[in-house]
DNA sequence: ATCAGCATGTAATTAGTTACATGATTCC
DNA sequence: GGAATCATGTAACTAATTACATGCTGAT
């Protein structure tokens with residue numbers, strides 16, 4: 001539902017081609033709104049047809065050729081409208097919590113292995129966020145833009161901190177398993 | 001992707017009809033795996049066709065008639081397999097974080113109103129979780145099942161606590177708006 | 001007898017995922 | 001000229017959402 005707005009945001013930050021966008025959706029933007037290259041190309045086509053973005057004229061539009069896009073005033077207006085307007089929270093779905101609830105009825109056998117793996121993934125993600133914070137947000141940041149970006153990163157850091165703590169607690173509470 | 005497993009879990013906890021399931025997906029189960037009645041009826045049909053659940057014979061199978069389901073051994077085995085097996089974390093998508101990032105490029109005008117509304121929603125949800133904790137998990141719980149359920153609830157409480165804190169901080173950092 | 005609410009469904013649309021296809025460029 | 005990689009796309013499928021349809025039950 002908000003993929004077009006994620007793309008508009010990314011393109012306003014920096015005009016890019018489809019593949020460049022895909023790479024950015026694997027890092028920064030993708031930390032809170034992931035998308036595959038197939039989704040991105042499809043959505044770029046729609047946004048262009050609607051007059052929200054346009055291809056930079058410099059490049060040739062052939063198949064294997066790079067094609068960069070920039071946001072038009074209509075696109076910026078649409079993004080501003082979306083940002084300011086009311087939005088209902090989307091329903092959440094968390095497979096890990098569901099799994100624990102399932103384990104309460106069918107047993108916890110085999111669960112610890114995969115939860116341990118998840119714990120490691122969250123620890124790695126947390127470390128990555130902390131590196132970004134140390135590198136990009138030294139104490140004493142001031143611009144509104146920097147403070148907003150820092151807030152978003154803090155959410156990532158605190159959520160990953162929560163999950164690492166919680167998974168460690170969950171693992172500690174699981175009944176020991178036979179080897 | 002895990003809707004069938006959510007339904008199997010719910011039915012193992014207590015055999016139910018479609019509408020009863022729908023109600024439970026509006027409360028307990030739905031706190032971490034939401035689903036609408038349309039999804040539920042469709043999935044019940046599939047699970048029955050696959051031999052994972054069956055309709056309790058007592059009730060008549062007509063259209064406006066209640067029809068309750070119970071889990072068969074095959075369904076329990078499938079749920080145990082899913083619970084124990086490896087699962088890759090799904091990509092996250094958080095519209096609020098995307099919105100803050102968008103606001104960093106198009107401006108924060110109008111944003112505070114809706115974030116304030118979201119803050120209130122998270123506060124209400126947190127209060128509800130805390131009531132459930134006080135009611136259902138008095139100090140000194142012991143069974144594995146109770147501890148697993150409590151862990152899941154704790155995740156809800158701590159996540160809502162995070163969001164209320166974070167939204168309050170975000171609102172404090174937004175530039176004041178002209179009335 | 002009709003209306004409100006319970007209960008079960010169907011249909012159409014949109015969003016997201018997975019698998020595959022194709023051209024261009026560069027390096028060997 | 002062949003392989004590897006960059007870059008852009010199509011097609012098919014699965015999951016989720018939105019809107020609508022229909023029968024049953026009990027109250028007035």
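Chains as they are written, first to last, in full-length UniProt numbering: chain B, 1 to 179; chain Y, 1 to 179.
In this text, a Cβ means the ideal position worked out from N, Cα and C, and glycines have one as well.
If only uninterrupted beta strand (DSSP E) runs of at least 3 residues are considered, those enclosed by the stretch 40 to 107 of chain Y are 53 to 55, 68 to 71.
CA-CA distance, residue 53 of chain Y to residue 175 of chain B, rounds to 29 Å. In the DSSP annotation of this structure, the continuous segment of the alpha helix (DSSP H) that includes residue 129 of chain B starts and ends at 111 to 136. If you draw a straight line from the Cα of residue 162 of chain Y to the Cα of residue 119 of chain Y, it is about 11 Å long.
Put simply, the backbone Cα of residue 135 of chain B is about 15 Å away from that of residue 125 of chain B.
The beta carbon of residue 132 of chain Y sits closer than 8 Å to those of 153, all from its chain and outside the five residues before and after it, given in chain order. Around the beta carbon of residue 116 of chain B, fewer than 16 other beta carbons sit within 10 angstroms, so the residue counts as exposed. Within chain Y, the residues placing a beta-carbon under 7 Å from that of residue 121 of chain B are 89, ordered along the chain. Of all residues in the stretch 30 to 55 of chain B, the ones placed with a Cβ closer than 7 Å to any Cβ belonging to chain Y are 32, 33, 34, in chain order. Contacts with chain Y at 8 Å (Cβ-Cβ) do not include residue 140 of chain B. Two segments are said to touch when three or more pairs of C-beta atoms, one from each, lie closer than 8 Å; by this definition the stretch 4 to 11 of chain Y touches the stretch 96 to 109 of chain B.
Using beta-carbon distances, residue 99 of chain B counts as an interface residue toward chain Y, with a partner under 8 Å. The residues 7, 18, 21, 53, 69, in chain order, have a CB closer than 8 Å to that of residue 44 of chain Y in the same chain once the five nearest residues on each side in sequence are set aside. Inclusion of residue 104 of chain B and residue 145 of chain Y in the CB contact set at 8 Å is warranted, their separation being smaller than that value. DSSP places residue 18 of chain Y inside the alpha helix (DSSP H), whose first and last residues are 18 to 26. Annotation: the continuous alpha helix (DSSP H) that includes residue 157 of chain Y extends over 144 to 173. What residue 145 of chain B touches in chain Y, judged by beta-carbon distance under 7 Å, is 104, going in chain order.
Below the 8 Å Cβ cutoff, chain Y contributes no neighbours of residue 75 of chain B, its closest Cβ being approximately 10 Å away. The Cβ atoms of residue 102 of chain B and residue 171 of chain B lie no closer than 8 Å to each other. Residue burial annotation: residue 143 of chain B is exposed, with fewer than 16 other C-beta atoms found within 10 angstroms of its C-beta. Taking a beta-carbon distance threshold of 8 Å, residue 9 of chain Y counts as an interface residue toward chain B. Contact between residue 10 of chain Y and residue 24 of chain Y holds, with the beta-carbon distance rounding to 6 Å and staying under 8 Å. Scanning its chain for C-beta atoms nearer than 7 Å, with the 5 sequence neighbours on each side dropped, one finds around residue 108 of chain B the residues 174, 175, in chain order.
Pairing residue 34 of chain B with residue 93 of chain Y gives a Cβ-Cβ distance under 8 Å. Contact note: residue 169 of chain Y reaches chain B through 151, 154, using a C-beta cutoff of 9 Å and chain order.
In this structure, the straight-line span from the alpha carbon of residue 83 of chain Y to that of residue 75 of chain Y is close to 12 Å. The Cβ neighbour count for residue 50 of chain Y, taken over all protein chains shown within 10 Å, is under 16; the residue is labelled exposed. According to the DSSP assignment, residue 4 of chain B belongs to the alpha helix (DSSP H) that extends over 3 to 13. Between residue 106 of chain Y and residue 47 of chain B, the gap from beta carbon to beta carbon reaches 8 Å or more.
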